[in-house]
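J.: Provided herewith is a single structure, encoded as structure tokens, for subsequent inquiry.
Protein chains: 2
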Amino acid sequence: MTQPFKYLGQGRPLIEGREKVTGSARYVADLTVPGMLHGRLIFSPYAHAQIVSIDKTATEALPGVVAVLTAEDLPTKAQKMTSRSSAILAKGEVLFAGQPVAVVVAETAELAADAAEQVVIEYEALPAVVRLEEALQAGSPQVWPNGLPTHEDLSQIHASVEREDQGQDTRPNNVSAESHYQRGDIAAGFAASDIIIERTYRTSFVHQGYLEPHACVAVPDPAGPGLTIYTSTQGKFIVRDEVARLLALPPRQVHVVPLTIGGSFGAKYGILEPLTAAVALAVGRPVCLVLSRSDDFLTTTPAPAIIIELKIGARRDGAVTALQARAWVDNGLFNFNHGGVIGTLLGGIYKFPHIKIDTCEVNTHKPPIGAFRAPGAPQTIFALESSMDDMAAALGLDPLEFRLKNVAETGDPTGAGQPWPSVGFKKCLEQLRAHPVWQQRQAGPNEGYGLAVGGWATVVGTAEAVCRVDSDGTVSLEVGHVDVTGNDSSFVLIVAEVLGVEPEEVVIIHGDTTGGPYGPMSAGSQVTYSSAGAVNIAAQQVRTKVLQVAADHFEAAPEDIELVAGKAQVKGVPDKAVSIARLAEIARFRRGGPGPLVGAGQAAVEQNAPAVSVHLVRVRVDPETGQVQPLQYVLVQDVGFALNPLLVQGQMHGGMAQGLGIGLYEAMIYDEAGQLLTGSLLDYALPRTDTTPSLETVLVENPSPYGPFGARGVGEPPIIGGAAAVANAVKAATGVRVTSLPIHPEMLWRELRQLKNKNLDNL
Amino acid sequence: MTQPFKYLGQGRPLIEGREKVTGSARYVADLTVPGMLHGRLIFSPYAHAQIVSIDKTATEALPGVVAVLTAEDLPTKAQKMTSRSSAILAKGEVLFAGQPVAVVVAETAELAADAAEQVVIEYEALPAVVRLEEALQAGSPQVWPNGLPTHEDLSQIHASVEREDQGQDTRPNNVSAESHYQRGDIAAGFAASDIIIERTYRTSFVHQGYLEPHACVAVPDPAGPGLTIYTSTQGKFIVRDEVARLLALPPRQVHVVPLTIGGSFGAKYGILEPLTAAVALAVGRPVCLVLSRSDDFLTTTPAPAIIIELKIGARRDGAVTALQARAWVDNGLFNFNHGGVIGTLLGGIYKFPHIKIDTCEVNTHKPPIGAFRAPGAPQTIFALESSMDDMAAALGLDPLEFRLKNVAETGDPTGAGQPWPSVGFKKCLEQLRAHPVWQQRQAGPNEGYGLAVGGWATVVGTAEAVCRVDSDGTVSLEVGHVDVTGNDSSFVLIVAEVLGVEPEEVVIIHGDTTGGPYGPMSAGSQVTYSSAGAVNIAAQQVRTKVLQVAADHFEAAPEDIELVAGKAQVKGVPDKAVSIARLAEIARFRRGGPGPLVGAGQAAVEQNAPAVSVHLVRVRVDPETGQVQPLQYVLVQDVGFALNPLLVQGQMHGGMAQGLGIGLYEAMIYDEAGQLLTGSLLDYALPRTDTTPSLETVLVENPSPYGPFGARGVGEPPIIGGAAAVANAVKAATGVRVTSLPIHPEMLWRELRQLKNKNLDNL
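From first to last, the protein sequence lines are chains A and B.
When we follow our numbering, the leftmost residue of the first sequence carries the number 1, and every step to the right adds one.
When we follow our numbering, the leftmost residue of the second sequence carries the number 1001, and every step to the right adds one.
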């Protein structure tokens, strides 16, 4: 393939854009399968309680009610509860408010909902630990008095960064895991520092805020013991394997069909599927389970609140010296390791010669946490970049120049000690430095600019792709991933480029989970990076065969054939052209030929390609109310090579909005009894178009040496630095250093009043 | 792979044998899909009539009846009727008794059946041509007065043999196609002959006699505009394409899922599927259509009656000289070309230097004919081998030696003029000559031995196969064919051999028709021959990757690794072993490794491999009743290489029984009005265990130079010569030369009486 490309690198709308904006896309909740029943979950109202009795007799007698099922009624009853997906229905005890206890199955969703209210469940409340600080206290109740359940936890999907878990048994109360990172001599580092800044940062539980709540339809296979699961997921193989494990079926008997996904951001790896599958097998009919928005807030896996104590030092000359941190992550019910990300980023973005970082994963009687786009990174960067900004101010340095002087380069160690592979921190900072918005920055009254650097290691997986030309001329590309963010709309460009067809003519097939191509989960910003190479190889194999069959057809040499507009033609002789449909037919019947026009590519990229984002936000703060209004947002990101720049920009826009949400609006608030107080979109504030400023994206194309076409992952970096940049902008605008997220107007107003009073005192 | 094989070449039972014999196999009629409706067809009672009116009002009002549909109600209404599969429901006119006119759709099969009797259809009978001879007469009614419908006829699936269709428009009445084959100088040939035998042979319509009548369930796709079709078919891609064409859907929206098939023998390529699919889309619900045995006899595609006028000559020295033939094939309603097979075999099995063969395809108002295992061959061989037997007798030669002297060898021309590729006629005859049954043959009273040679060009197609090791250790092989005869039970041996697992551990996956591997139709004895190479390549690719990952794992060289019992181990160090499951998992996450453990093979064998069968049958004839009892049957067949000899023998046994059926029992009898008189198994006699003698098979392994592992096709040859051998045995036992099939006792008794009278006259 010779540069310049005809399609690659050119922005092209989402394949499914039209159906999405016109509302014709089919989501799981739109499915109607003949004979389908509807399930309604009954959730625990207690954060911790014994289930004394469940009386379902009266409910089961209601017309239209097929069954009221508890854990004992399901084929999964013998399974151990070790993760959110295996916490199918509670057994004996409930461990968070919102834990599913029973499910009512009825002919319609309305009947199921009405009937669910009739089920009488008697509980005996038990002491609950809800607050992280309380959980850590010696003598407070133990969430897992017999130790954390040990089954392999499938939610460990972001384990792309190494961690050192020393597995001590001297852990504090309710701590399920610790990580420790160190380099240099931390005491000596601080001793050599001229300025030290020490501060504690706190963040809130936030929800992934996808538009589409969890939904699943499970259909028992009419021709066998297995089932087909239509669902909204990021990873069909992980869902297949987990459902198969919990239902004790061979994985090949579980077919997972991901439908259009209305957002996920890390939360959709199988929360409802094992439950829905178990219910469908129990009643022997198709079953649909759709969470309401409130259900979803209650029972899914939010991002954790994290407390970070951070101490950094620097010399007068502007060189950073030492970084020490302790972090506590509120994991809710199960373990999910954020320590690796916290350590990698805290100790890795700047060239601190001395670091010491200790992290703790803490259990509480709250919903188990899960992944949320760059899990742990926004919280970590909020802490790091707030302190770095203050350090620049303390040193009297320009915040960008201070960062540029200290930022890590390729080969420098991450916080976990490995060298950064090719990484573009400097390039992105330099691009921002040269950008007109930075050059001409000028804050109006009550305004300020805030800067933050984010980085993400990204994940690498392996992938297959199968490309075919069918006898009707359909060019298909079969892949194993789930398209959450538009990967398919990039992959068709590769196939179009290689086979000389219009991208619109390439049909993407998402292979069956039995016998279809393997692909990575749509997680860790990896899909394009890990898969595009396999797509290219598969298409190139088909190209070779097409050229061979065409060459035979025209009695020419393959190198004299060109592929143009769905035809193979002799170069310079457009009269001598034959459609690839016809060539596919010829190939199917050509004895001794290359066989059917198919190519199978595999990819296993050698190395990850870190992706860097630099965030610049301008805000205005209303001094009378503490309300923060973001006015401008520029995101500079190293994308390696943008196969389809329109989609990369779309990802960046979404991440920028979410970063602002984390910074300014979003928090899941639990009361002391573990009750969620923000269980609807009336109480939980997501960023909206009217709260989002104009977003400007700058794509830095610093090619990855390993990624296909030089690409890097792009999904996660955009969310990482928004909250930190907002906090720094607020500081610039007001002088108030915010140490907890989100920046509530009330909180900021109090701080502003305090600062004003202090300033008055100082007069 | 080094000989000797561990699994290949060893007989191993059918994978699905247990579920078949225990009755747990799921056939289409066993399916229950939630919300499924049942269809019942209403057939034309006339061979030719105008449909005056269809009154469905009263029927549609019956409880449980969802709809009564006619051609106008279906999404296929604009489609032209050009073949049995596109003759979905009659429009205006019916053209054979048994043609579907309307379908009643109801909540249960019983309701549909009852309701179907209430539909009032008024017909106006039109003149019908039923008998072949009548159809040919000038002035008789034309089946297609405006010419035969011209759309590409998908039933031309056996067109592996070339034909010369000169497309004259001077054809006799109701003749839709002619073929003409010639070599040498036919007049000179006969002039040089010492003996000439001239005779006319007739055969009957026979039915494929599969145990499972046609059945289909069509399920509209809950997530899209397409549908899934569960069916009993030999070719999922041909069914997909035909349904898609008739429903005007892209082929990728039609998913064809072949279930366990209860026999087919050439008849299952889409008779019910377009109709069922159209009905399901019309009513928007899953629809099941199952034919009763009588429905199936009425409305499917039997094998044709053929009339062959055959004249052969030979010299005193035993060398054949000239062969002249005219053949008329009763095609019923549509065109299906048997001329190619008739010409190829009549003019190709022996080295006649001079041939002239003319064939006519004739239309009548009877059901359209279709393929039946080696279509045309049993009829042709019956004619040829009867005359050859008589010629040997007339020359005073041993019938085996006479054949051996004249039989074609590799490179000799077939009747169609191409040279036979590597062909084993002589080897098989020599094997029989050496066989104890032949050596020690001794006919008892009223007994005789009959010999016949059969040959079949076999078809070659292309195929793909994808082999994977999944992370749970499942070794899967994804293929594109439909396993009708046990191919899968051979393919698992290849994979087992290559990957060092037990054959029982290899899971066969029949890929989806959208995006799954392409495979040939299960027709023309081609599946193993065309596909086994692709299977081998795919497995070998996986082997290479497994060795590579294992070598890395043990820090050894790939050549030091061996695959044993699902493990890779260092040769001679069984302690150093790792399961292939673990290696699959490693490969999925190994950066820079070979990627997922998958291999994709394609095959396009260069040349067909003719398969030869030599049949020896001993019969006893009851002179008082004309009843023929087969006593012994030896079949010698060139199978090239038997990947799984047990399955090859199974195929041979079935074909032998069917050949005896064609010779002795089977005939579909139509009366002068075109009414089928033999529409049930009470009237239509299939061979039974108590009419079948002990069957002995001799596998000649004369390796095909092109086929994978030397294999040849084996499906069709066993049926070819049985009827001819029986006729020759009857001649040997009684002196009566039978010239029409089947050999009814009544007919033979009349011949015996005539012969006796003639002998008495001669006294």
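Even glycine gets a Cβ: it sits at the ideal position worked out from N, Cα and C.
#1: Can you list, in chain order, the residues of the region 1505-1531 of chain B whose Cβ is nearer than 8 angstroms to any Cβ on chain A?
#2: Can you find the residues in the same chain that come closer than 7 angstroms, C-beta to C-beta, to B:W1749, ignoring five residues on each side of it along the sequence?
#3: I need the boundaries of the beta strand (DSSP E) containing B:G1601, first residue and last residue.
#4: Grouping DSSP H, G and I as helix and E and B as strand, with all else coil, what is B:E1666?
#5: Counting only the same chain and skipping the five closest in sequence on each side, list residues whose C-beta sits under 7 angstroms from that of B:L1579.
#6: For the alpha helix (DSSP H) that B:W1328 lies in, which residues bound it at each end?
#7: Quick one: which residues of the region 590-603 of chain A get their C-beta closer than 7 angstroms to a C-beta of chain B? List them in chain order.
#8: Would you mind stating whether B:S1490 and B:T1544 have Cβ atoms separated by less than 7 angstroms?
#9: Could you round the C-beta distance between B:T1462 and B:A1611 to whole angstroms and report it? I think they count as a contact, below 8 angstroms.
#10: According to a CB-to-CB cut-off of less than 9 angstroms, which residues of the region 460-471 of chain A neighbour chain B?
#11: Counting only beta-carbon atoms, is A:E672 nearer than 7 angstroms to chain B?
#12: Rounded to the nearest angstrom, what separates B:G1417 and B:P1353 at their Cα positions?
#13: In the DSSP assignment, what residue or residues form a beta bridge with A:I197?
#14: Note down, in chain order, every chain A residue with its Cβ under 8 angstroms from the Cβ of B:P1286.
#15: Tell me the rounded alpha-carbon separation between A:L547 and A:E562.
#16: Measure the C-alpha to C-alpha separation of A:E701 and A:D671 and round it to an integer number of angstroms.
#17: Per DSSP, which residues does B:Q1569 bridge with? Please list them.
#18: Does the beta carbon of A:S24 come closer than 7 angstroms to any beta carbon on chain B?
#19: When you compare only the Cα positions, how much space is there between A:S530 and A:G707?
#20: Thinking A:V206 and A:E666 are a contact (beta carbons under 8 angstroms), I'd like their distance in whole angstroms, please.
#21: What's the gap between the Cα of B:L1695 and the Cα of B:Q1439?
#22: The ligand NAP and A:S85: does any heavy atom of the ligand fall closer than 6 angstroms to the residue's C-beta?
#23: For A:D221, does the count of other Cβ atoms within 10 angstroms reach 16, so buried, or fall short, so exposed?
#24: Just mark B:L1187 as buried or exposed, buried being the case when its beta carbon has 16 or more other beta carbons within 10 Å.
#25: Can you list the residues of chain A that B:Q1607 reaches, using a CB-CB cut of under 9 angstroms?
#26: Could you pull out every residue in the same chain whose Cβ sits closer than 6 angstroms to the Cβ of A:I537, ignoring the five residues on either side in sequence?
#27: Under 7 angstroms between C-beta atoms, does B:E1016 make it to chain A?
#28: Whether or not the region 719-728 of chain A and the region 433-450 of chain A are in contact is what I'm after, with contact meaning three or more pairs of Cβ atoms, one per stretch, closer than 8 angstroms; do they touch?
#29: Have a look at A:R403, A:G189, A:Q182 and A:Q142 and flag the residue whose alpha-carbon is nearest the alpha-carbon of A:S176.
#30: Quick check on the DSSP output: the alpha helix (DSSP H) that includes B:A1090 runs from which residue to which?
#31: Nearest to A:R315 by CA position, among A:I195, A:T82 and A:M36, is which residue?
#32: Just curious, the alpha helix (DSSP H) that B:A1109 is in, first and last residue?
#33: Kindly identify the DSSP beta-bridge partner or partners of A:T59.
#34: Give the C-beta separation of A:V564 and A:G500 to the nearest angstrom, bearing in mind that I take them to be a contact with Cβ-Cβ under 8 angstroms.
#35: Leaving out the 5 sequence neighbours to the left and right, which residues in its chain are closer than 7 angstroms to A:D512 when beta-carbon positions are compared?
#36: Quick one: what's got a C-beta closer than 6 angstroms to B:Q1010's C-beta in the same chain, skipping five residues either side?
T.: Short version:
#1: V1507, I1509, G1511, D1512, T1514, G1515, G1516, P1517 and Y1518
#2: T1625 and G1626
#3: V1598 to A1604
#4: coil
#5: Position check: residue 1579 of chain B holds Ser in this sequence, whereas Leu was assumed. Taken in chain order, the residues that qualify are G1473, G1566 and K1567.
#6: Counting along the chain, B:W1328 falls outside any alpha helix (DSSP H), though it belongs to the beta strand (DSSP E) covering V1320 to G1332.
#7: R590, R591, G592, G593, P594, G595, P596, V598, A600, Q602 and A603
#8: no
#9: No, B:T1462 and B:A1611 are not in contact; Cβ-Cβ is about 19 angstroms, not under 8 angstroms.
#10: V460, G461, T462, A463, E464, V466, R468, D470 and S471
#11: no
#12: 11 angstroms
#13: A:I312
#14: P34
#15: 8 angstroms
#16: 47 angstroms
#17: B:E1562 and B:A1577
#18: no
#19: 8 angstroms
#20: 4 angstroms
#21: 17 angstroms
#22: Among the components modelled here there is no ligand, and therefore nothing to report on the ligand NAP.
#23: exposed
#24: Per the sequence shown, residue 1187 of chain B should be read as Ala rather than Leu. By the neighbour-count rule (16 or more Cβ atoms within 10 Å), B:A1187 is not buried but exposed.
#25: R591 and G592
#26: G601
#27: no
#28: yes
#29: A:Q142
#30: Segment: none, B:A1090 is in no alpha helix (DSSP H) and carries neither H nor E.
#31: A:I195
#32: A1109 to A1116
#33: Partner(s): none; A:T59 has no beta bridge.
#34: 5 angstroms
#35: H255
#36: none
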